[in-house]
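Shown next, in C-alpha cells, is the structure this report addresses.
There are 2 protein chains.
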Amino acid sequence: MDKNLKRMATMHRMQVTGLELFYKNGYYNTSIDEILKSLSLSKGAFYYHFQSKEDFFVSIVQNLIVRKVYSMLIEPIEGKENPFPVIEKCFENALETAEHNDMDYGFILSNFISEFNRRNTVISNYLMDIYKIWEVNLISILQKGKSDGFVDRHVDSEGVATYLISSYMGVRTLMVQGNCRNLRYKYMQQLRHYFNSLTQKEAV
Amino acid sequence: MDKNLKRMATMHRMQVTGLELFYKNGYYNTSIDEILKSLSLSKGAFYYHFQSKEDFFVSIVQNLIVRKVYSMLIEPIEGKENPFPVIEKCFENALETAEHNDMDYGFILSNFISEFNRRNTVISNYLMDIYKIWEVNLISILQKGKSDGFVDRHVDSEGVATYLISSYMGVRTLMVQGNCRNLRYKYMQQLRHYFNSLTQKEAV
DNA sequence: ATTTTTACCGACCACTTAGTCGGTAAAAAA
DNA sequence: TTTTTTACCGACTAAGTGGTCGGTAAAAAT
C-alpha cells in the first residue's frame with residue numbers, strides 16, 4: 443500500500459501528460475510514442491503499467507476526466523438551494539475559465555464523446571457514465587427547486603437538464619474558434635431568458 | 443467542359459465515399475487506402491485527382507457538407523415569415539431524420555469542427571464558414587420576425603441564433619448514444635418554452 | 001547473503017500511413 | 001495515322017503505429 447507509491451506516481455504522470463495530448467490532438471491523432479517522448483519514458487515503462495492504449499485512456503477517463511467534470515460542473519451545484527442562479531453561476535464560471543485558457547480545445551467530455559461515438563463503445567460507455575452523473579445531479583437540484591418553490595411546478599426537470607447540457611456542450615464547441623467573450627455573453631443572456639420562463643410565477 | 447464528365451464523376455464518387463467514411467470513423471482514423479479499397483480504385487487515381495488528403499477533405503467540405511447543412515438547416519427557414527414555428531419545424535425535421543437514421547454519427551458539422559479544432563486551421567476555417575452562413579440566416583429571419591411583429595422587439599437576434607445553434611449541436615452529440623426519441627421530445631419541448639419567452643407579447 | 005520483485009530500458013516486429021513515380025491502355029487531337 | 005492527353009494502375013518509400021520481449025539495476029523480501 444505504501445510501496446505502490448512510485449508506481450502510482452509514474453502512472454499519474456503518464457495519465458496527466460496523456461490527457462493533455464489526447465485533449466489537444468485527439469485520441470486517434472496522438473501516439474503513445476509522442477506521450478512517452480514528452481515524459482522521457484520508454485515503451486517498456488508504458489506497457490509495464492498499462493495493458494494497451496485503450497486501457498490507458500479508460501484509466502484517464504476514470505481518474506482525471508471524471509474529477510474535472512465533477513469539480514467544474516457538478517460539485518458547484520450539488521445540494522444547493524435555488525437552482526437557476528446556482529446553475530447560472532456555475533456555467534458562467536466554467537465558460538469564463540475556458541475563455542481565459544488559451545490552451546482551450548473545447549469541452550473535454552463532449553470532445554471525446556464525439557470522437558469515440560460508435561467507434562469505441564467501451565470508452566463511449568465510460569464517458570456516458572460521466573454525462574449521466576451530471577444529468578442526474580441537474581435533475582435532482584431542479585426537482586428540489588420545485589418543492590422549494592423556486593421552479594415552476596409544471597417544469598419537466600429531465601427536459602431542462604437535457605436542454606442545459608446540450609446548449610452548454612454546443613457553446614463550448616463554438617468557443618474554441620475564438621470570439622469567446624462575445625459567445626459567453628450572448629449565451630448567458632439567453633440562458634437567463636430561458637430560466638425566466640421556468641421560474642415559479644408568484645400569485646397567478 | 444464536356445470531356446470533364448468522367449473526371450467529375452470519379453471525383454464525385456471519391457468524395458461521396460470519402461465523406462461516408464470520414465463521417466463514420468473520423469478524419470484521422472480513416473485512411474485513403476480504406477476509401478480507395480471500398481471504391482476499387484488505386485493510389486494513382488486518388489493522387490491524380492487530389493493533391494493531398496487535406497485537399498481532398500476541403501473539396502468534400504465545399505461540395506458535399508455545405509449542401510447537406512444548407513438543405514437540412516438553412517433552406518427550410520430562408521425567407522420564411524414567422525421565425526419560431528419555422529425554426530421549430532426545421533429542427534424537429536432534422537432531429538427526426540437523424541433519429542431514423544441508424545447510420546447516424548452525430549451532426550456532421552459539429553463533429554468535424556470538434557475534430558479539427560486548432561489541429562488544422564485551414565479545414566477549421568472552411569467549416570466555420572458553413573457555421574457562419576447558418577448563423578447569418580438565423581439572425582436574418584429573426585430580425586425580419588421582429589419587424590413583422592412575431593418576435594419581441596427586445597430580443598437579441600444574435601444571442602438567440604447562438605443559443606439555437608449551441609443547443610442543436612449539443613443535442614445531436616447526445617443523440618448518437620441512443621434514446622434519440624426521448625432526447626428529441628425533451629429538446630423540442632424546452633425549445634418551445636424558450637421560444638415562448640421570446641414571442642411578441644400582445645398588449646402589455 | 002541470496003533470491004525475488006519492481007520499474008524501467010530500448011531494440012525489434014508486423015503492419016499502416018500519406019505520398020511518389022514510372023508505366024500504360026484508351027480516347028482525343030493533330 | 002501519329003501524337004498527345006486523360007485517367008488510372010500498383011509497386012515502392014520513409015516515417016510512423018501499437019505492441020512484444022529479453023534484459024537489468026536497484027530495492028525489498030527471505
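Chains A and B, in that order, are what the protein sequence lines are.
The numbering of the first sequence is this note's numbering, which starts it at 443 and goes up by one.
The numbering of the second sequence is this note's numbering, which starts it at 443 and goes up by one.
Ideal Cβ placement from N, Cα and C applies to all residues, glycine included.
Residues bridged to residue i (per DSSP)
i: B/Val564; result: Paired residues: none, contrary to the question.
i: A/Thr641; result: A/Val593
Residue from the options with nearest C-alpha to residue i
i: A/Ile575; options: A/Asn467, A/Glu520, A/Asp590, A/Ser494; result: A/Glu520
i: A/Ser608; options: A/Gln619, A/Ser556, A/Arg623; result: A/Ser556
i: A/Phe549; options: B/Gly612, B/Ser639, B/Val618, B/Gln457; result: B/Gly612
i: B/Phe526; options: B/Asn624, B/Gln619, B/Val602; result: B/Val602
i: A/Asp546; options: A/Asn467, A/Ser482, A/Asn446, A/Tyr489; result: A/Asn467
i: A/Phe498; options: A/Lys522, A/Ser473, A/Met514, A/Leu606; result: A/Ser473
i: A/Tyr636; options: A/Gly587, A/Tyr627, A/Leu606, A/Asn621; result: A/Leu606
i: B/Arg623; options: B/Gly587, B/Asp544, B/Lys588, B/Asn562; result: B/Asp544
i: B/Ile420; options: B/Leu481, B/Asn471, B/Ser494, B/Tyr573; result: An answer regarding residue 420 of chain B cannot be provided, because it is not within the stretch 443 to 646 covered by chain B.
i: B/Gln402; options: A/Phe558, A/Val593, A/Arg634; result: No information on residue 402 of chain B is available, as it lies outside the stretch 443 to 646 that chain B covers here.
i: A/Ile529; options: A/Ser480, A/Glu476, A/Gly587; result: A/Gly587
i: B/Ala451; options: B/Glu476, B/Asp475, B/Asn471, B/Leu481; result: B/Leu481
i: A/Arg634; options: B/Asn621, B/Leu483, B/Val597, B/Asn471; result: B/Val597
i: B/Phe592; options: B/Lys522, B/Lys628, B/Arg626, B/Ser513; result: B/Lys522
C-beta contact flag for residue i and residue j at 9 Å
i: A/His491; j: A/Arg449; result: yes
i: B/Asp590; j: B/Asn524; result: yes
i: A/Met617; j: A/Phe533; result: no
i: A/Phe554; j: A/Tyr610; result: no
i: B/Thr604; j: A/Gln585; result: no
i: B/Ser599; j: A/Asn638; result: no
i: B/Phe488; j: B/Leu478; result: yes
i: B/Ser501; j: B/Met570; result: no
i: A/Thr615; j: A/Ser552; result: yes
i: A/Pro518; j: A/Lys531; result: yes
i: A/Asn562; j: A/Glu496; result: yes
For the stretch 581-615 of chain B, which residues have a beta carbon sitting closer than 8 Å to at least one beta carbon of chain A? Asp598, Glu600, Gly601, Val602, Thr604, Tyr605, Ile607, Ser608, Ser609, Tyr610, Met611, Gly612, Val613, Thr615
Original post:
With contact counted as at least three CB pairs below 8 Å, one residue from each stretch, are the stretch 557-573 of chain B and the stretch 540-547 of chain B in contact?
Top reply: no
Is there contact here, the stretch 575-589 of chain B with the stretch 487-506 of chain B, by at least three beta-carbon pairs under 8 Å? Cβ pair count under 8 Å is below three, so no.
>> I'd like to know if the stretch 452-460 of chain B and the stretch 456-466 of chain A are in contact, where contact means that at least 3 CB-CB pairs between them fall below 8 Å.
In response: no
- Select from the stretch 495-514 of chain A all residues with a C-beta closer than 8 Å to any C-beta belonging to chain B, and list them in chain order. none
### Query
Using a Cβ cut-off of 7 Å, which residues of the stretch 614-637 of chain A contact any Cβ in chain B, in chain order?
Thr615, Leu616, Val618, Gln619, Leu625, Lys628, Tyr629, Gln631, Gln632, His635, Tyr636
**Request:** With 7 Å as the limit, tell me which residues of the stretch 533-559 of chain A have their beta carbon closer than that to any beta carbon of chain B; keep them in chain order.
**Result:** Tyr547, Gly548, Ser552, Asn553, Ile555, Ser556, Glu557, Asn559
query = Which of the residues in the stretch 466-479 of chain A, read from start to end, lie with their CB under 7 Å from any CB of chain B?
reply = Of all residues in the stretch 466-479 of chain A, Asn467, Gly468, Tyr470, Asn471 have a Cβ within less than 7 Å of some Cβ in chain B.
Scan the stretch 559-574 of chain B for residues whose Cβ lies nearer than 8 Å to a Cβ of chain A and list them as they occur along the chain. Listed in sequence order: Asn559, Arg560, Arg561, Ser566, Met570, Tyr573.
Self-check item: Chain-ordered residues of the stretch 451-463 of chain A with a beta carbon less than 9 Å from chain B
Solution: none
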